[in-house]
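A short write-up of the structure that comes next.
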Amino acid sequence: MNPALHPAYRPDIDGLRAVAVLAVITFHASSALLPGGFVGVDIFFVISGFLITGLIAKGLDTGSFSFTEFYTRRIKRIFPSFILVAATTLVVSSYLLIPNDYIFYTTSLAASWVFVSNVFFSMLSWGYFGQRTEEFPLLHTWSLSVEEQFYFFFPVLLIVLYRYARQYIIAVLLVLGSVFALFSELKTDQIKSYFLLTSRAHELIIGALAYFVAQKYPTRSPALANVFAVAGTTLILGSLFVLGKGSSFPGINSLYPCIGTALIIYACTGDNALKPALSSRPFVAIGLISYSLYLWHWPIFSFLRYRRIEITPAVGVAAIALSFLLSWLTWKFVESPIRRNKRIQFKRAFVRMYLLPAAAFMAVGLYSYVTEGAPLRFSQAMRELISSYSFERDLTRSCSVRAEDYRKITMDYLLTNCALGDTSQAKAEVLLMGDSHAHHFKPFVDQLSKAAGLKAVYHVQGACFPTALQATDKHPEQGPSTCQQRNADLLELAGKVQYVVMAGFWASEPWRDLEKEMMFVTGKVAEAGAIPVIFKDNPYFEPDLSQCILHRTRGWIPADRNCNIPFSFVRQSQESIDGIIDRVQEKYPKTVVIDPKKILCTSTECITYLGKVALYKDANHINAKASKLLGDQYLIRVGNPLAGPGLCCQQMKSMPIWHRD
């Protein structure tokens with residue numbers, strides 16, 4: 001490789017890497033020890049921006065810059081260690097993870113290999129600091145994706161600036177970084193902002209600015225260098241101890257650790273009191289293995305938490321020690337030898353270190369998805385339990401709406417494609433509509449309809465309340481959505497059936513004026529001559545209930561813990577919405593209300609499994625077997641809401657189903 005592309009080695013930067021990785025590890029072990037330890041990633045971004053800019057700029061200065069050489073270095077730097085960590089986590093995940101989590105893991109593995117894991121994780125509702133995210137073995141790869149995305153466009157930007165605006169590079173980067181920083185501050189979605197390049201680009205650009213400023217205005221005064229070093233150290237320490245999970249981030253708060261890092265990098269181009277400490281052997285040694293250490297430490301903590309092992313001080317120290325051991329071995333026998341091997345050129349590196357592993361990991365992801373989590377990994381008894389919580393997957397495109405294939409819904413269409421209940425009847429008398437919770441109540445409604453001798457039809461759409469109409473939508477100026485069009489079509493059919501059944505994850509969109517919407521739609525159903533039927537929601541909880549059940553079966557959770565949900569929590573989380581439904585029933589007395597909690601709950605708790613049958617697919621969706629079971633038990637314990645006016649429903653005869661004789 002061209003020596004012009006090798007900047008002079010700076011041990012102080014390895015020392016900064018050590019600070020960054022130790023901050024991240026401490027935070028992941030216990031956020032209480034270092035509340036702002038997550039800014040270690042931001043320190044890494046600035047360092048990366050500085051070093052990458054140096055490589056590109058020196059190549060451009062000498063006319064020897066090569067894209068193939070640049071990306072060869074990136075591949076040799078990033079992928080050998082990553083392959084080892086990814087393969088190891090795949091093996092461990094194959095043993096530990098239940099099917100839903102395994103599908104999620106293999107999908108995140110594929111996403112990380114094509115540099116979009118940050119986009120993948122940005123779509124989660126939990127965010128980076130959520131409880132569930134602590135159990136995702138590859139969550140930390142989001143930062144690698146951000147860097148790789150930056151590496152795709154930044155060399156091109158520098159080439160353009162060198163050719164057309166070389167004397168204005170600092171000014172252009174300053175403006176560009178300011179724009180990205182402002183965009184990060186003005187974010188509307190905190191979760192997406194945390195993960196995406198558009199909210200992080202300014203951090204890498206700050207590193208690039210540090211390089212060009214140091215080249216044009218090198219520090220020659222030790223006194224001034226000390227001022228910069230003290231200021232930078234203060235900003236970093238303040239970020240580590242003042243910021244926390246509740247802080248708005250990245251945004252303006254990200255500037256403190258980033259500017260602090262840039263000041264230290266700039267100060268250490270000359271002599272200052274901090275430089276010897278950062279260049280000391282312990283800091284440099286940790287800095288050299290910092291990449292491998294970053295890769296290894298998170299899966300270790302993640303698997304411990306998934307295994308329900310408390311991170312006590314002793315466990316934390318052991319996990320960190322294991323991380324250091326694996327990182328040193330990886331650096332010694334994988335990372336360093338491959339980085340130094342000059343015989344490995346672009347084609348060989350790309351095929352062997354990226355393309356072939358990518359194909360293998362993609363194949364694993366596809367197999368995991370097709371087989372619904374590779375259940376053959378488990379014993380027969382475990383597979384039977386797993387099958388009991390699987391979500392019904394027979395929902396066809398015919399009976400749900402996606403934005404790209406919306407079509408007007410007619411009764412003939414529903415009778416042909418989406419029939420339930422007594423399908424021998426020619427005419428449908430029951431219409432089920434709603435979101436994914438309407439979907440999971442489908443077997444419930446099927447049982448009620450069969451018992452009443454009625455044919456039912458259904459149409460559902462994920463994240464689409466049955467009460468969502470254009471007049472009450474969040475963004476009416478955007479015109480009707482497929483959700484609103486779907487609901488309007490279905491309400492036109494209300495006059496053709498006896499019952500319109502509505503179900504939804506009512507608590508999932510607190511911004512809606514649910515009472516106004518529900519009153520309006522219920523009134524429309526009643527005006528059409530149909531009887532409105534509204535499902536109150538089933539109990540829901542965090543974290544994943546099915547995970548708790550399977551962990552208990554494996555013995556990872558004490559046998560005396562039953563995974564049930566305290567009724568006090570259910571009441572607190574649902575009483576407001578249940579009150580809305582009760583008021584709707586008061587205004588429209590013919591409205592029938594179905595409350596699954598009558599079957600699932602006592603005054604103290606709500607069950608999550610019955611015998612060997614798990615009732616939940618995840619934190620809020622019941623599964624198909626549970627839905628059918630609840631329908632059967634509702635008929636026995638309460639009565640049939642679809643039996644006709646005056647024929648339903650009786651009071652509970654005794655205790656809920658798990659206490660009955």
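For the sequence shown, full-length UniProt numbering begins at 1 and goes up steadily by one.
Positions of the beta carbon are idealized from the N, C-alpha and C atoms, including for glycine.
Throw me the rounded Cβ distance for the residue i and residue j pair, which I believe falls under 8 Å.
i	j	result
Glu-429	Lys-455	6 Å
Ile-565	Phe-541	5 Å
Tyr-102	Gly-373	5 Å
Pro-532	Gly-244	Actually they are not in contact, since the Cβ atoms of Pro-532 and Gly-244 sit about 47 Å apart, beyond 8 Å.
Leu-514	Val-457	The Cβ separation is near 25 Å, so there is no contact.
Ser-327	Ile-300	Not quite, the Cβ-Cβ distance comes to about 11 Å (not below 8 Å), so this is no contact.
Ala-358	Trp-113	5 Å
Ala-21	Ser-290	A quick correction: the sequence has Val, not Ala, at residue 21. So it is a contact: roughly 4 Å between Cβ atoms.
Please report the straight-line C-alpha distance between residue i and residue j, rounded to a whole angstrom.
i	j	result
Val-501	Leu-642	10 Å
Glu-384	Thr-608	17 Å
Phe-361	Leu-109	7 Å
Thr-133	Asp-582	36 Å
Asp-12	Trp-506	55 Å
Asn-100	Cys-563	18 Å
residue 672	Ser-424	Here the chain covers residues 1 to 661 and nothing more, so residue 672 does not appear.
Ala-452	Gly-421	9 Å
Ala-468	Ala-488	9 Å
Thr-198	Tyr-413	44 Å
Tyr-266	Ile-259	10 Å
Glu-586	Ser-379	52 Å
Lys-203	Pro-80	The question names Lys, but residue 203 in the sequence shown is Glu. So the alpha carbons of these two residues sit roughly 26 Å apart.
Asn-640	Thr-602	21 Å
Ala-530	Ser-573	30 Å
Tyr-369	Asp-632	32 Å
Leu-491	Gln-485	10 Å
Val-284	Ala-18	7 Å
Ala-419	Leu-448	14 Å
Leu-33	Tyr-256	20 Å
Thr-68	Leu-55	13 Å
Pro-375	Trp-511	39 Å
Gln-588	Asn-538	Per the sequence presented here, residue 588 reads as Tyr, with Gln not at that position. C-alpha separation (whole angstroms): 23 Å.
Three-state secondary structure (DSSP) at residue i?
i	result
Leu-615	coil
Met-433	strand
Glu-310	coil
Ser-254	helix
Ile-191	helix
His-621	coil
Glu-605	strand
Ile-98	coil
Ala-456	strand
Gly-479	For Gly-479, the predicted structure reports a pLDDT of 42, less than 50, and the residue's modelled location is therefore unreliable. The matter cannot be settled from this model.
Ile-13	helix
Gly-421	strand
Ser-400	strand
Ile-594	strand
Ile-409	coil
Pro-222	helix
Pro-641	coil
Ile-103	helix
Pro-357	helix
Ile-565	strand
Ala-111	helix
Would residue i and residue j qualify as a contact pair, given that the criterion is a beta-carbon distance under 8 Å?
i	j	result
Phe-38	Gly-207	no
Leu-209	Ile-170	yes
Ile-309	Val-317	no
Ile-264	Gly-238	no
His-440	Ile-205	no
Gly-63	Leu-278	no
Pro-137	Ser-93	yes
Ser-122	Phe-195	yes
Pro-466	Ala-438	yes
Leu-182	Val-172	no
Pro-218	Gly-270	yes
Ile-75	Phe-350	yes
Asn-226	Asn-272	yes
Would you say residue i reaches chain D, if we count a Cβ-Cβ gap shorter than 8 Å as a contact?
i	result
Ser-112	Chain labels in this structure do not include chain D; a single protein chain is all it has.
For the ligand GTP, is there a heavy atom less than 7 Å away from the beta-carbon of residue i?
i	result
Ile-159	No copy of the ligand GTP appears in this structure; indeed no ligand is present at all.
Segments of 3+ residues assigned as beta strand (DSSP E) that fall wholly inside the segment 483-543
499-503, 531-535
Segments of 4+ residues assigned as alpha helix (DSSP H) that fall wholly inside the segment 243-287:
Every unbroken stretch of the alpha helix (DSSP H) spanning 4 or more residues and falling wholly within the segment 243-287 is given here in chain order: 255-267, 275-278.
What runs of the beta strand (DSSP E), each 3 residues or longer, lie entirely inside the segment 32-66?
As summarised for the segment 32-66, there are no continuous beta strand (DSSP E) elements at least 3 residues long confined to that stretch.
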